[in-house]
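Visitor: In my numbering, the protein residues as written are 49 to 362. Take this structure, written in structure tokens, and hold onto it; I'll ask about it next.
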């Protein structure tokens, strides 16, 4: 199992705890401050200041925090050479199309993907509007900033609703491929919208290796490849990715509000124990098939909710 250890300050750990709050279960291991389980990774912060990332997405998740790794007595590993799609050093000052997605780790709600274009001339304006890494923004701030962005920059929003998501997943399509298809479609839309603009490149918030991404798209008739960059923690590299993340989050919040209105109860985000309890409540009231329209039913939450709904032990 891959793992990464960071040495964080108390303030940095508190920011992590806030960012991962929807992924934190009720209990944490002895000696720890919190344990969170975002998609493909388990994050455990200890009182010593060390933060352990474990799982297939451990390295990518740890990189999002831009914190120096903890020192180790073992021989340090050589850094992997940058892939061919790594962004240039001056990426933050370019006129870029950026894309990001939201909802992949949430049991309830769809996946929302946004691509947006931010020219160099608008970078300062977006900073004034409060655009930054969405991990450090709460939902109220997201909504406020997004409402300004809607009228400030060109963007393309795609929503993969839960019923379609479940159909694709049941046919064997991975979530990674779904995301690649959505990103590619959103980027194609943005290239059409920005034909008369100066676009220096396209930055995708990396969720898989570039080769894997393009393999997912091998059967598509149109694939965006020119001037493509991939980077983890893309939100911190260019405001186009940060803006796309905010707009995607805003769309996700609106979709969650629709689900709450449909069910008559407030639907929690994330994939923790509160989600299990709410799903069990809905199963008892409407039956298990009801989840197909509002949740990602292949998540482990479904089995846990079924056990809770019908009094079975896990």
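Virtual Cβ for every residue (Gly too), placed ideally from N, Cα, C. Fair warning: this is a prediction, and the values are worked out from it, not measured in the lab.
Under 7 Å, do residue 235 and residue 272 count as touching if we go by C-beta distance?
Guide: Here residue 235 is taken as the residue at index 187 of the chain shown, counted from 1. Here residue 272 is taken as the residue at index 224 of the chain shown, counted from 1. Yes, the Cβ-Cβ distance between residue 235 and residue 272 is below 7 Å.
Visitor: Quick check: residue 296 and residue 150, are their CB atoms within less than 7 Å of each other?
Guide: Indexing the chain shown from 1 puts residue 296 at position 248. Indexing the chain shown from 1 puts residue 150 at position 102. Yes, they are a contact pair.
Visitor: Quick check on residue 232: buried or exposed, where buried means 16 or more other Cβ atoms within 10 Å of its Cβ?
Guide: Locating residue 232 in the chain shown gives position 184, counting from the first residue. So residue 232 ends up on the buried side.
Visitor: Determine the burial state of residue 197: buried for a count of at least 16 other Cβ atoms within 10 Å of its Cβ, exposed for fewer.
Guide: Here residue 197 refers to the residue found at position 149 when the chain shown is read from its first residue. Classification for residue 197: buried.
Visitor: Ends of the beta strand (DSSP E) at residue 160?
Guide: As a working mapping, residue 160 is identified with position 112 in the chain shown. That run of the beta strand (DSSP E) goes 159-166.
Visitor: Residue 317 and residue 70: beta carbons closer than 7 Å?
Guide: Here the question's residue 317 lines up with position 269 in the chain shown. Here the question's residue 70 lines up with position 22 in the chain shown. For residue 317 and residue 70, yes; Cβs fall inside 7 Å.
Visitor: At the level of alpha carbons, what is the spacing between residue 280 and residue 338?
Guide: Looking up residue 280 in the chain shown gives position 232. Looking up residue 338 in the chain shown gives position 290. About 35 Å.
Visitor: With C-beta atoms as the reference, is residue 292 less than 7 Å away from residue 146?
Guide: In the chain shown, residue 292 corresponds to position 244, counting from 1. In the chain shown, residue 146 corresponds to position 98, counting from 1. The answer is yes: Cβ separation under 7 Å.
Visitor: Spell out a yes or no on whether the segment 200-212 and the segment 156-176 are touching, meaning 3 or more CB-CB pairs, one atom from each, closer than 8 Å.
Guide: Judged by Cβ distances under 8 Å, the segment 200-212 makes contact with the segment 156-176, as three or more pairs qualify.
Visitor: Three or more C-beta pairs closer than 8 Å, one from the segment 352-359 and one from the segment 316-333: is that the case here?
Guide: At 8 Å Cβ cutoff, the stretches touch.
Visitor: Considering only C-alpha positions, which residue in the set 96, 301, 342 and 106 is nearest to residue 85?
Guide: In the chain shown, residue 85 corresponds to position 37, counting from 1. Of 96, 301, 342 and 106, the residue nearest in Cα terms is 106.
Visitor: Report the CB separation of residue 298 from residue 179 in whole angstroms; it is logged as a contact under 8 Å.
Guide: Here residue 298 refers to the residue found at position 250 when the chain shown is read from its first residue. Here residue 179 refers to the residue found at position 131 when the chain shown is read from its first residue. About 12 Å separates the two Cβ atoms, so there is no contact after all.
Visitor: Does any CB atom of chain D fall closer than 7 Å to the CB of residue 114?
Guide: Annotation note: the requested chain D is absent from the structure, which comprises a single protein chain.
Visitor: Which of the three DSSP states is assigned to residue 305 in this structure?
Guide: For the purposes of this step, residue 305 is taken as the residue at position 257 of the chain shown. Looking at residue 305 - three-state DSSP - the assignment turns out to be helix.
Visitor: Measuring CA to CA, which of 347, 308, 341 and 275 is closest to residue 139?
Guide: Residue mapping note: residue 139 aligns to position 91 of the chain shown, counting from 1. Closest by alpha carbon: 275.
Visitor: Do residue 209 and residue 343 have their C-beta atoms within less than 7 Å of each other?
Guide: Numbered from its first residue, the chain shown carries residue 209 at position 161. Numbered from its first residue, the chain shown carries residue 343 at position 295. Contact flag unset, no.
Visitor: For a test of the three-state rule: what should DSSP assign to residue 217, helix, strand or coil?
Guide: The residue you call residue 217 lines up with position 169 of the chain shown. In the structure shown, residue 217 sits in a helix (DSSP, three-state: H, G or I).
Visitor: Which residues does DSSP pair with residue 280 in a beta bridge?
Guide: Locating residue 280 in the chain shown gives position 232, counting from the first residue. Answer is none; residue 280 lacks a bridge partner.
Visitor: State the Cα-Cα distance for the pair residue 171 and residue 261, rounded to the nearest angstrom.
Guide: Position 123 of the chain shown, counting from 1, holds the residue named residue 171. Position 213 of the chain shown, counting from 1, holds the residue named residue 261. Residue 171 and residue 261: Cα-Cα distance of roughly 28 Å.
Visitor: For residue 52, I'd like the list of residues in its chain whose CB is within less than 6 Å of its CB, leaving aside the five on either flank, ordered along the chain.
Guide: For the purposes of this step, residue 52 is taken as the residue at position 4 of the chain shown. The answer, listed in chain order, is 101, 106, 107 and 110.
Visitor: According to the neighbour-count rule (16 or more other Cβ atoms, all chains shown, within 10 Å of its Cβ), is residue 184 buried or exposed?
Guide: Looking up residue 184 in the chain shown gives position 136. Its Cβ having fewer than 16 others within 10 Å, residue 184 is exposed.
Visitor: Within the same chain, show all residues whose beta-carbon is closer than 6 Å to that of residue 277, passing over the 5 residues directly before and after it, in chain order.
Guide: As a first step, residue 277 is located in the chain shown; it is residue number 229 there, counting from the start. Taken in chain order, the residues that qualify are 133, 135, 249 and 251.
Visitor: So, with DSSP's three-state summary, where would you put residue 253?
Guide: In the chain shown, counting from the first residue as 1, residue 253 sits at position 205. It is a strand residue.
Visitor: Mind checking who residue 148 pairs with in its DSSP beta bridge?
Guide: Numbered from 1 along the chain shown, position 100 holds the residue referred to as residue 148. DSSP, once it has assigned bridges, lists 162 as partnering residue 148.
Visitor: Would residue 287 and residue 174 qualify as a contact pair, given that the criterion is a beta-carbon distance under 7 Å?
Guide: Position 239 of the chain shown, counted from the first residue, corresponds to residue 287. Position 126 of the chain shown, counted from the first residue, corresponds to residue 174. Against a cut-off of 7 Å, the Cβ pair of residue 174 and residue 287 comes out as a contact.
Visitor: Using the Cβ count rule (16 or more neighbours within 10 Å means buried), how would you classify residue 228?
Guide: Reading the chain shown from its first residue, position 180 is the one you call residue 228. Buried, because 16 or more other Cβ atoms sit within 10 Å of the Cβ of residue 228.
Visitor: Return the residue from the list 104, 64 and 266 that minimises the CA-CA distance to residue 186.
Guide: Numbered from 1 along the chain shown, position 138 holds the residue referred to as residue 186. The candidate whose alpha carbon is nearest that of residue 186 is 64.
Visitor: Just to confirm my understanding: we take residue 341, look at its own chain, exclude 5 residues before and 5 after, and list those with CB closer than 7 Å. What are they?
Guide: As a working note, residue 341 is residue 293 in the chain shown. Result list for residue 341: 210 and 211, in chain order.
Visitor: Is it right to say residue 314 is buried, meaning 16 or more other beta carbons lie within 10 angstroms of its own, or is it exposed?
Guide: As a working mapping, residue 314 is identified with position 266 in the chain shown. Classification of residue 314: exposed, given that the 10 Å Cβ count is below 16.
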